[in-house]
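A quick write-up on the structure given underneath.
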Amino acid sequence: MKHTLKVTYPEWQGGVNPNYMLGAKIMELVVPDSQHIEEIEIPVATDNKKDMLQRSQGVDALKVLQAQTQAFSAILNTKEPDKVITIGGDCAVSLAPFNYLSRKYGANLGIIWLDAHPDISTTEQSHHLHEMVVSSLMGRGGSDFNVKYPVDKRQILLAGLVKKALRDIDSHVNDYNMQCLTPKQLRRDPTLISNWIKKNNFTRIAVHFDLDVLSPDSYRSIYPAEPGLNRNEFTAAIGKLSLENVGRLLQEIDNNSDLVGLTVAENMAWDALRLREQLAKLSLFD
Numbered sequence: 001m002k003h004t005l006k007v008t009y010p011e012w013q014g015g016v017n018p019n020y021m022l023g024a025k026i027m028e029l030v031v032p033d034s035q036h037i038e039e040i041e042i043p044v045a046t047d048n049k050k051d052m053l054q055r056s057q058g059v060d061a062l063k064v065l066q067a068q069t070q071a072f073s074a075i076l077n078t079k080e081p082d083k084v085i086t087i088g089g090d091c092a093v094s095l096a097p098f099n100y101l102s103r104k105y106g107a108n109l110g111i112i113w114l115d116a117h118p119d120i121s122t123t124e125q126s127h128h129l130h131e132m133v134v135s136s137l138m139g140r141g142g143s144d145f146n147v148k149y150p151v152d153k154r155q156i157l158l159a160g161l162v163k164k165a166l167r168d169i170d171s172h173v174n175d176y177n178m179q180c181l182t183p184k185q186l187r188r189d190p191t192l193i194s195n196w197i198k199k200n201n202f203t204r205i206a207v208h209f210d211l212d213v214l215s216p217d218s219y220r221s222i223y224p225a226e227p228g229l230n231r232n233e234f235t236a237a238i239g240k241l242s243l244e245n246v247g248r249l250l251q252e253i254d255n256n257s258d259l260v261g262l263t264v265a266e267n268m269a270w271d272a273l274r275l276r277e278q279l280a281k282l283s284l285f286d
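Using the UniProt record's numbering, the letters of the sequence shown map in sequence onto residues 1 to 286.
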C-alpha cells in the first residue's frame with residue numbers, strides 16, 4: 001500500500017503574518033482524515049519579535065525559515081512517503097515537499113500551481129519567501145532556498161493566474177515564458193489541465209492550492225475577504241474561481257493522474273481571528 005503522509009505545517013514567516021498559524025490549525029480539521037494516512041505536525045517558531053524576523057540574504061526571517069524547511073525535509077527523507085499532503089501556513093510550505101517529490105519522481109512529476117499569483121519573485125523583487133516559491137523550485141529564487149532537485153519550467157503550470165493583475169514582482173512569468181491558464185480558461189474548459197498532463201506525459205502530479213485562487217465571494221477565509229476591505233484598493237490580484245470550479249479542477253486532476261502531492265495554503269480565518277481578538281480582552285485570560 002502507498003504510504004501517504006499528512007503534514008500540518010503552520011509556517012507563517014514566509015509571509016511574515018502570524019495569522020496563518022490559526023488558519024493552519026483550522027484547516028487541519030477541514031482536510032479529510034483516513035486510517036491509511038499517517039499524520040504529523042511540524043512545530044514552527046511563534047515568536048514574532050523583530051530579531052526573529054531579521055532580514056538576511058534578502059529574505060525576511062531567513063534563519064527561522066531555513067531551520068523549519070530543513071526540519072520538514074529531514075522528516076520526509078526519513079519517512080520516505082509516496083504521497084504528501086501539506087497543510088499550511090503560507091505558500092512557502094510547499095518548498096520542502098515539492099523538492100522531495102521532485103527527487104522521488106524526477107521528470108515524471110508535474111506541478112500545478114493553483115494560485116491567483118505566480119510566486120515567482122527573487123530577492124531583488126521581494127523579501128517574503130512565500131512570493132518566491134515557484135522560482136526557488138526552479139532554482140531561480142532566493143539563493144538560500146533554491147532546491148536541491150529543481151524542476152524545469154515545463155513541469156509547472158500556473159493555473160488560475162490573474163494575468164491582467166501581474167505586478168512588477170511577477171515579471172518572471174513573462175521572462176521565463178511560463179505556462180499559464182487563466183480563471184476564464186479554466187471555467188470554460190476544466191479539461192485543459194488534464195490535456196496539459198497528458199501532453200507532457202506526467203505520471204505524477206503535485207498540486208499547490210493557495211486558497212486565494214478563490215473569489216472572496218465564494219470563500220471568505222482569504223486575504224481579500226477581510227471584513228471592511230475595499231477590494232478596489234487591494235494591491236494584488238484577487239482570485240476569480242468559485243469553490244465549485246476548483247472542486248471540478250481537482251477532480252479532473254485526480255481522475256487523470258496519480259496525485260502524489262497536495263498543499264492547501266494561506267487560510268486566513270477572519271471570523272475566528274476577530275473572535276479570538278475580542279475574547280483575548282477579557283481578564284479571564286490574563
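Ideal placement from N, C-alpha and C gives every residue a C-beta, glycine not left out.
Computed from a predicted structure; not experimentally measured.
query = Do you know whose CA, among A236, L211, E11 and F285, lies nearest L95's CA?
reply = Here the closest residue by C-alpha is E11.
query = Just how far apart, CA to CA, sit K49 and Y149?
reply = Rounded to whole angstroms, K49 and Y149 show a C-alpha spacing of 33 Å.
query = Can you give, in chain order, each stretch of the alpha helix (DSSP H) that sits fully within the region 117-159 and has at least 4 residues?
reply = For the region 117-159, the full-length alpha helix (DSSP H) segments reaching 4 residues or more read 133-137 along the chain.
ask   = Any chance the CB of M1 is under 7 Å from a heavy atom of the ligand ZN?
value = As presented, the structure is devoid of all ligands, the ligand ZN included, so that no description of it is given.
query = In the structure shown, what three-state DSSP assignment does V16 receive?
reply = V16 sits in coil when the DSSP states are folded into three classes, being neither helix nor strand.
Cα-Cα separation, I169 to D254 = Separation of I169 and D254 (C-alpha to C-alpha, rounded to the nearest whole angstrom) is 32 Å.
request  = In angstroms with no decimal places, state the Cα-to-Cα distance between A74 and Q35.
outcome  = Cα atoms of A74 and Q35: separation of roughly 24 Å, rounded to the nearest angstrom.
message = Using a Cβ-Cβ cutoff of less than 6 Å, which residues in the same chain neighbour V44 once the five nearest sequence positions on both sides are dropped?
response = Cβ neighbours of V44 beyond the five flanking positions: P10, E11 and Q68.
Contiguous beta strand (DSSP E) assignments of at least 3 residues, all confined to the region 35-101 = List check, beta strand (DSSP E) in window: 37-41 and 83-87.
Span of the alpha helix (DSSP H), counted from its first residue to its last, around D254 = Element bounds for D254: L243 to N255.
ask   = CA-CA distance, S135 and N174?
value = Distance between S135 and N174, taken at the CA atoms: about 13 Å.
key: Secondary structure, alpha helix (DSSP H): runs of 4+ residues fully inside the region 197-283   = Taken in chain order, the whole alpha helix (DSSP H) runs of length 4 or more contained in the region 197-283 are 243-255 and 270-279.
message = Under DSSP, the alpha helix (DSSP H) around L186 begins and ends at which residues?
response = Per DSSP, L186 is one residue of the alpha helix (DSSP H) stretching across P183 to R188.
inquiry  = With a threshold of 8 Å on Cβ separation, who are the neighbours of M1 within its own chain once the five nearest residues in sequence on each side are excluded?
reply    = Scanning its chain for C-beta atoms nearer than 8 Å, with the 5 sequence neighbours on each side dropped, one finds around M1 the residues H36, in chain order.
ask   = The alpha helix (DSSP H) with V173 in it runs from where to where?
value = Run containing V173: H172 to D175, per the alpha helix (DSSP H) assignment.
query = Given a threshold of 16 other Cβ atoms within 10 Å of its Cβ, counted over all protein chains shown, does Q155 qualify as buried or as exposed?
reply = Flag for Q155 reads buried.
task = Using beta-carbon positions only, say whether L192 and M178 come within less than 8 Å of one another.
result = No, Cβ-Cβ distance for L192 and M178 is not below 8 Å.
ask   = Grouping DSSP H, G and I as helix and E and B as strand, with all else coil, what is L22?
value = In the three-state reduction of the DSSP assignment, L22 falls in the helix class.
message = Whether or not the region 79-95 and the region 261-278 are in contact is what I'm after, with contact meaning three or more pairs of Cβ atoms, one per stretch, closer than 8 Å; do they touch?
response = At 8 Å Cβ cutoff, the stretches touch.
key: Cα-Cα separation between E277 and M21, rounded to whole angstroms   = Distance between E277 and M21, taken at the CA atoms: about 14 Å.
message = For Q70 and G110, I'd like the C-alpha separation in whole angstroms.
response = If I take the Cα positions, the gap works out to 23 Å.
inquiry  = Tell me the rounded alpha-carbon separation between D144 and Q57.
reply    = Cα to Cα, the separation comes out at about 8 Å.
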